[in-house]
Amino acid sequence: MNPSEPEVEKILTPEELKKKKEKKANKKLLQNERIRVAFERLQLAWIRTSVTLLAVGVGAYQYFYERIEEGRTGFVNHINGAQIGIFLVILSFVVLLVATIQHNQSMSKLKEHYQEMRFSIGSVLAYIILILSFFISAMAILQF
């Protein structure tokens, strides 16, 4: 084709036009699904971080609690390991709470444009771990 020649628009049949629209709709659906999965992966990463903080906090609390029961002192005079453990457990709760709020906001924004979106399994798991970390925090603070 010569650059000076005008482009001739191809006239599409109704079937070709329908296929083109379906292809465009499927492409948009796939794009929205990729975004949803990215939000889920991000939420699962925050859950993993929170569970790690929770496990390290419980471990630190238990380790230093046993040291105190044996009569040994902490590493620092003003801060003992039980306080560090409690801090890590509470930090786990706060981190997951903020991540879950952000995840729910992102998912609701996506839901405005993608009504067929599936339910977020990451949110359910986050709520379960939030409840667990809340009770562990309460037990550590109240020293049950």
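The number in the working numbering is simply the position in the sequence shown, starting from 1, with 944 added.
Built from N, CA and C at the ideal position, the CB exists for glycine as well.
*Which whole-angstrom value describes the C-beta separation of residue 980 and residue 1054, a residue pair presumed to lie in contact below a C-beta threshold of 8 Å?*
In the sequence shown, counting from the first residue as 1, residue 980 sits at position 36. In the sequence shown, counting from the first residue as 1, residue 1054 sits at position 110. Yes, they are in contact, since the Cβ atoms of residue 980 and residue 1054 sit about 6 Å apart, within 8 Å.
*How many Å lie between residue 955 and residue 962 at the Cα?*
Here residue 955 is taken as the residue at index 11 of the sequence shown, counted from 1. Here residue 962 is taken as the residue at index 18 of the sequence shown, counted from 1. Using only the alpha carbons, I get a separation of about 13 Å.
*Along the chain, which unbroken stretches of the alpha helix (DSSP H) at least 4 residues long are found entirely within the region 1021-1056?*
none
*residue 955 (DSSP reduced to helix, strand or coil)*: Start at 1 with the first residue of the sequence shown, and residue 955 comes out as number 11. The answer is coil: DSSP assigns residue 955 none of H, G, I, E or B.
*Using a Cβ-Cβ cut-off of 8 Å (strictly less than) and excluding sequence neighbours within five positions of residue 964, which residues of its own chain qualify?*
Counting from 1 along the sequence shown, the entry for residue 964 is found at position 20. Result list for residue 964: 956, in chain order.
*asked:* According to DSSP, simplified to helix, strand and coil, what is residue 1005?
replied: For this step, residue 1005 is matched to residue 61 along the sequence shown. DSSP places residue 1005 in helix when its eight states are reduced to three.
*What distance in whole Å lies between the Cβ atoms of residue 1040 and residue 1070, which are believed to be in contact at a cut-off of 8 Å?*
Numbered from 1 along the sequence shown, position 126 holds the residue referred to as residue 1070. Numbered from 1 along the sequence shown, position 96 holds the residue referred to as residue 1040. Contact flag correct, Cβ pair sits at about 6 Å.
*Quick one: grab the DSSP three-state call for residue 1058.*
What you label residue 1058 is simply residue 114 of the sequence shown in a count that begins at 1. In this structure, residue 1058 counts as coil in the three-state DSSP scheme.
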